[in-house]
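Presented below is the structure to which this report refers.
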Amino acid sequence: MDPTESPNRTRPMRPVEAPSRSRTSGVRVTQDAMARPGRKNRANAAGAALALAFARLADTMSQLYRRTVASAGSTAEAEAAVVELICGPAYATDRDMTLIFEMYAYANHNTAVAATTRSWLARSRESLALHFTPGVTRALDALIEGWPMHRRFDAAPLNRQLVAGVVHAVVDAAPHLPDEQL
206 MDPTESPNRT RPMRPVEAPS RSRTSGVRVT QDAMARPGRK NRANAAGAAL
256 ALAFARLADT MSQLYRRTVA SAGSTAEAEA AVVELICGPA YATDRDMTLI
306 FEMYAYANHN TAVAATTRSW LARSRESLAL HFTPGVTRAL DALIEGWPMH
356 RRFDAAPLNR QLVAGVVHAV VDAAPHLPDE QL
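First residue of the sequence shown: 206, per my numbering; consecutive thereafter.
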């Protein structure tokens, strides 16, 4: 028996480097399934279902993001809202982060999910643009997205004071940042 097929294998599987296999997971991609009659509809249905699920995730998280940022009445409150999105318990839970990682990976193989991801990025930046310049908006959006990713894998919780200081520094840097378009 091939060691890669044994449930008790002792050596790790080598990555498969064939056009019909994903390099990151070693799983046969839909290309192969779609080449056979009868499987095409199931593959299309599964892809459509995943695209809808990821669109729902993006919509739900965008709404929370928007509510949190839009409720701020001043720049200081908007900074606090950004810190809450990064450090708070409501946005980007462990479950959300798992789904986000899956969404990003799948977006590399599915144009509908890639479009959903781009749309989500635009909606996030539009929410931040209620209070910040375009350059600050892009920088803060990267922090809001990236810091929870790090939090997901770090052994220690985020330091809210550090996050608040960095958010404030980015906002203060507005005059020196390019006025990049959303």
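Note that beta-carbon positions come from the ideal geometry of N, C-alpha and C, so glycine has one too.
Taking the CA atoms as reference points, arginine 272 sits about 13 angstroms from arginine 330. The beta carbon of proline 383 sits closer than 7 angstroms to those of Gly340, all from its chain and outside the five residues before and after it, given in chain order. Between valine 372 and valine 288 a beta carbon distance of about 6 angstroms is seen, short of the 8 angstroms cut, so the two are scored as contacting. Closest in C-alpha terms to alanine 347, from the list Pro362, Ala327 and Arg365, comes Ala327. For glutamate 282, the number of other beta carbons within 10 angstroms of its own is below 16, and it is reported as exposed.
Asparagine 364 sits in coil when the DSSP states are folded into three classes, being neither helix nor strand.
Annotation note: the stretch 333-358 contains the following uninterrupted alpha helix (DSSP H) runs of length 4 or greater, listed N- to C-terminal: 339-358. Shown here for valine 368: same chain residues with a beta carbon closer than 7 angstroms to its own, the five before and five after excluded, namely Val288, Ile291, Cys292 and Trp352 in chain order.
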